[in-house]
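Each remark here refers to the structure printed beneath this line.
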Amino acid sequence: LLVHLLERFNHSRVLQNVMRSITYRGNTLLQTAGLALVMIYFFGVVGFILFPELFQFAEADIVGGRKLEPNNHGARCTSIWKCSLVVLDMGLRKGDLGEAMDDIRWEGKEGGDPYMIFYRMVYTLLFFVIVSTILMNIIFGVIIDTFAELRAKKDEIDRDISGRCFICGIERFQFDQLGESGSGFEDHIENDHNMWKYLFFQVYLREKNFDEYSGGESYVFNKTLELVMDPETHEKVTDKDTGKELKAAKPQIDLSWFPQRAAMVLRNQRATSDQLLQQQLHKFEGYTSRLTTRLHNQLDKLLQATVAPKHQNPTTANPVEV
């Protein structure tokens with residue numbers, strides 16, 4: 001059962017990111033954890049020097065005639081390493097080192113230091129601020145930020161897989177925008193740039209005899225594959241069963257034969273769109289020319305109508321009786 005549960009991690013990218021959020025920035029976490037251990041050891045030393053007697057098991061409480069469980073909020077502190085273990089256990093598990101220490105009366109013990117209670121307050125307060133608040137939150141913050149970063153990378157990869165052609169790298173919206181139907185991108189990755197067909201083509205080149213390659217096949221072969229040569233005789237190595245030449249991928253594969261940022265369907269659609277645009281421009285030019293001609297005719301008629309009365313004979317216009 002444990003093996004099956006662990007195998008589940010290999011099939012879940014989310015669970016892998018959870019584990020990688022701890023190991024991805026392991027160096028930072030280890031250094032921060034080392035600083036926390038140093039501070040815990042420091043507080044253990046201070047506790048052993050100032051008040052080792054306060055780290056004690058409390059007496060059992062008796063309520064209603066029944067003896068309750070002992071108070072395990074304290075532990076004996078007879079050496080530095082024991083005090084450090086108490087600080088490590090109680091301080092990190094409880095988050096408050098004061099839980100592992102006995103209370104001190106304000107007036108102090110007879111013959112004791114009257115300022116001991118202030119030392120204890122400063123001691124527990126500094127542990128709470130430095131270790132419990134700052135260092136622990138830094139560790140948790142690194143883990144949470146790393147998980148968020150890995151999740152953002154995963155979402156970006158998923159967007160590229162679902163929204164970008166693997167072969168040409170063109171975004172989905174360009175095919176859906178220029179396509180006649182809403183499935184332009186799906187048709188493109190299924191028919192035009194099917195990545196599995198490109199993989200099958202590589203397998204086909206490996207299986208076909210080198211001397212039978214066509215011009216295009218030889219071009220792609222020189223970009224991606226090479227013949228396996230015997231290092232001593234410098235002759236082609238052949239398969240003993242099939243007698244065909246053995247081929248291997250080049251150390252540096254040239255993918256310039258891929259249609260990068262180019263697709264025939266987009267070229268055709270863009271060419272059709274350009275033709276339609278030119279036709280519309282020609283129609284618009286014809287319409288504007290006809291409209292301009294009509295406007296000129298109308299202006300000419302108006303000018304003739306305004307100029308004609310000025311050229312008329314005034315005697316005929318206003319006859320005078322004799």
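1 is the number of the first residue of the sequence shown in the numbering used here; add one for each residue after it.
Idealized CB from N, CA, C, for every residue including glycine.
Smallest Cα separation from residue i: which of the options?
{"i": "Lys94", "options": "Pro114, Asp300, Thr124 and Leu5", "result": "Thr124"}
{"i": "Ser162", "options": "Gln177, Phe147, Ile143 and Phe185", "result": "Phe185"}
{"i": "Met90", "options": "Ile144, Phe55 and Arg120", "result": "Phe55"}
{"i": "Glu53", "options": "Met116, Glu226 and His4", "result": "Met116"}
{"i": "Ile189", "options": "Ile40, Ala305 and Leu266", "result": "Leu266"}
{"i": "Asp96", "options": "Ile130, Thr78, Ser79 and Pro114", "result": "Ile130"}
{"i": "Ile134", "options": "Met264, Gln202, Asp230 and Met39", "result": "Met39"}
{"i": "Ala263", "options": "His234, Ile167, Thr78 and Phe127", "result": "Ile167"}
{"i": "Ile170", "options": "Val86, His193 and Glu232", "result": "His193"}
{"i": "Leu199", "options": "Val142, Glu232, Asp187 and Phe258", "result": "Phe258"}
{"i": "Leu88", "options": "Thr306, Phe42 and Ser218", "result": "Phe42"}
{"i": "Tyr219", "options": "Thr233, Gln202 and Met229", "result": "Gln202"}
{"i": "Arg20", "options": "Lys154, Ser79 and Leu291", "result": "Lys154"}
{"i": "Thr32", "options": "Leu15, Asp300, Lys197 and Met136", "result": "Met136"}
Whole-angstrom Cβ separation of residue i and residue j, contact assumed at under 8 Å?
{"i": "Gly44", "j": "Cys83", "result": "4 Å"}
{"i": "Arg151", "j": "Asn17", "result": "6 Å"}
{"i": "Thr146", "j": "Arg25", "result": "5 Å"}
{"i": "Leu29", "j": "Ile139", "result": "6 Å"}
{"i": "Ile22", "j": "Ile143", "result": "6 Å"}
Under 8 Å, Cβ to Cβ, is there at least one residue of chain B near residue i?
{"i": "Thr238", "result": "Of the protein chains in the structure, only one exists, and it is not chain B."}
Between which two residues does the beta strand (DSSP E) harbouring residue i extend?
{"i": "Glu226", "result": "Leu225 to Leu227"}
Start and end of the alpha helix (DSSP H) containing residue i?
{"i": "Ala33", "result": "Gly26 to Leu50"}
{"i": "Ala262", "result": "Careful: Ala262 lies outside any alpha helix (DSSP H) and carries neither H nor E."}
{"i": "Lys247", "result": "Not the alpha helix (DSSP H): Lys247 falls in the beta strand (DSSP E), residues Lys247 to Ala249."}
{"i": "Lys154", "result": "Met136 to Gly163"}
{"i": "Leu2", "result": "Leu2 to His11"}
{"i": "Glu235", "result": "That residue, Glu235, is in no alpha helix (DSSP H); it is neither H nor E in DSSP."}
{"i": "Asp187", "result": "Gly184 to Asp187"}
{"i": "Gln202", "result": "Met195 to Glu207"}
{"i": "Ile117", "result": "Met116 to Phe127"}
{"i": "Cys83", "result": "Ile80 to Val86"}
For residue i, count neighbouring Cβ atoms within 10 angstroms of its own Cβ and tell me buried if that reaches 16, exposed if not.
{"i": "Leu281", "result": "exposed"}
{"i": "Met101", "result": "buried"}
{"i": "Phe57", "result": "A caution first: Phe57 carries a pLDDT of 49, below 50, which makes its placement in the model unreliable, though a value can still be read off. Exposed."}
{"i": "Val122", "result": "exposed"}
{"i": "Gln304", "result": "exposed"}
{"i": "Val3", "result": "exposed"}
{"i": "Gly47", "result": "buried"}
{"i": "Arg159", "result": "exposed"}
{"i": "Val307", "result": "exposed"}
{"i": "Arg261", "result": "exposed"}
{"i": "Phe175", "result": "buried"}
{"i": "Leu5", "result": "exposed"}
{"i": "Arg120", "result": "buried"}
{"i": "Phe127", "result": "buried"}
{"i": "Ala148", "result": "exposed"}
{"i": "Phe51", "result": "buried"}
{"i": "Lys283", "result": "exposed"}
{"i": "Gly286", "result": "exposed"}
{"i": "Gly98", "result": "buried"}
{"i": "Asn72", "result": "Unreliable positioning characterises Asn72 in this predicted model, as indicated by a pLDDT of 47, which lies under 50. A coordinate reading is not provided."}
{"i": "Leu68", "result": "Interpretation of Leu68 is limited by its pLDDT of 48, a score under 50 that renders its predicted location unreliable; no figure is taken from the coordinates."}
Meets three-Cβ-pair contact criterion under 8 Å: the stretch 241-260 and the stretch 201-210: yes
Contact the stretch 221-241 vs the stretch 251-265: 3+ CB pairs below 8 Å: yes
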